[in-house]
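Notes follow the structure.
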Amino acid sequence: MVSVEESRLHLVPLRQKDAKAFVAAWHRHHKPPPGAVFTVGAADENGVLRAVAIVGRPVARHFDDGQTLEVTRTATDGVRNANSLLYGAAWRAAKALGYTRLITYTQEGESGASLRGAGWKVVAQRRPRRGWNCASRPRQVHGTENVTRTLWEQQLIDAT
282 MVSVEESRLH LVPLRQKDAK AFVAAWHRHH KPPPGAVFTV GAADENGVLR AVAIVGRPVA
342 RHFDDGQTLE VTRTATDGVR NANSLLYGAA WRAAKALGYT RLITYTQEGE SGASLRGAGW
402 KVVAQRRPRR GWNCASRPRQ VHGTENVTRT LWEQQLIDAT
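Residues in the sequence shown are numbered from 282 upward in steps of one, following our numbering.
Here's what the structure looks like:
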């Protein structure tokens with residue numbers, strides 16, 4: 282059953298700088314990512330931007346195979362069902378661009394309901410990571426270290 286709020290949301294094209302500004306204002310625990318392949322927004326019936334998705338190259342280099350993209354951020358102002366709308370749109374757009382796989386992560390404590398609602402599947406559970414900082418490659422602490430993550434995907438299935 283479609284909620285009243287969801288039925289009033291529609292997809293809108295979005296410039297990368299506008300998507301990043303929205304993430305900076307609304308995301309709970311991450312800053313905007315450095316780049317993107319494409320972005321998409323969800324607006325209400327008055328044209329007010331209510332949610333965004335940023336899709337880019339996979340952060341993990343072993344997934345960066347030229348066929349895979351990653352939803353690196355979604356953010357909403359709290360409107361219901363916007364993430365499901367955006368995850369579905371991101372997968373359709375990735376397929377239309379020729380990609381065969383789209384991945385994303387949720388952190389411990391996030392239910393993944395939006396992903397399940399958009400037809401995504403759990404691929405793996407990732408143990409907490411201490412962080413990316415090391416003597417040979419210094420990194421900033423982001424505050425999301427030591428958190429269990431769930432890897433989700435949409436993937437084209439080869440019918441041959």
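The beta carbon of each residue, even a glycine, is placed where N, CA and C say it ideally should be.
Counting only the Cα atoms, H310 lies some 17 angstroms from V336. In the DSSP assignment, L383 falls within the beta strand (DSSP E) that extends over 382-388. Look at Q436 here: in three-state DSSP terms it is strand. Within the model, the alpha-carbon separation for A341 versus L396 is close to 20 angstroms. Inclusion of A399 and G369 in the CB contact set at 8 angstroms is warranted, their separation being smaller than that value. The Cβ atoms of V352 and A300 lie no closer than 8 angstroms to each other.
Less than 8 angstroms separates the beta-carbon of V318 from that of L350. Between the alpha carbons of S365 and F344 lies a gap of roughly 23 angstroms. Of the candidates E434, L290, A306, H308, E434 places its Cα closest to the Cα of A375. DSSP places K402 in the uninterrupted beta strand (DSSP E) bounded by 402-407. In the DSSP secondary-structure assignment, P294 is bridged to V321.
Annotation for E326: R289 place their beta carbon closer than 6 angstroms to its own, counting only its chain and skipping 5 residues before and after.
Taken through DSSP and simplified to helix, strand or coil, V428 comes out as coil. Distance from the CA of Q297 to the CA of T320, rounded to the nearest whole angstrom, comes to 6 angstroms. DSSP assignment within the stretch 334-396 yields the following whole alpha helix (DSSP H) runs of 4 residues or more, N-terminal first: 363-377.
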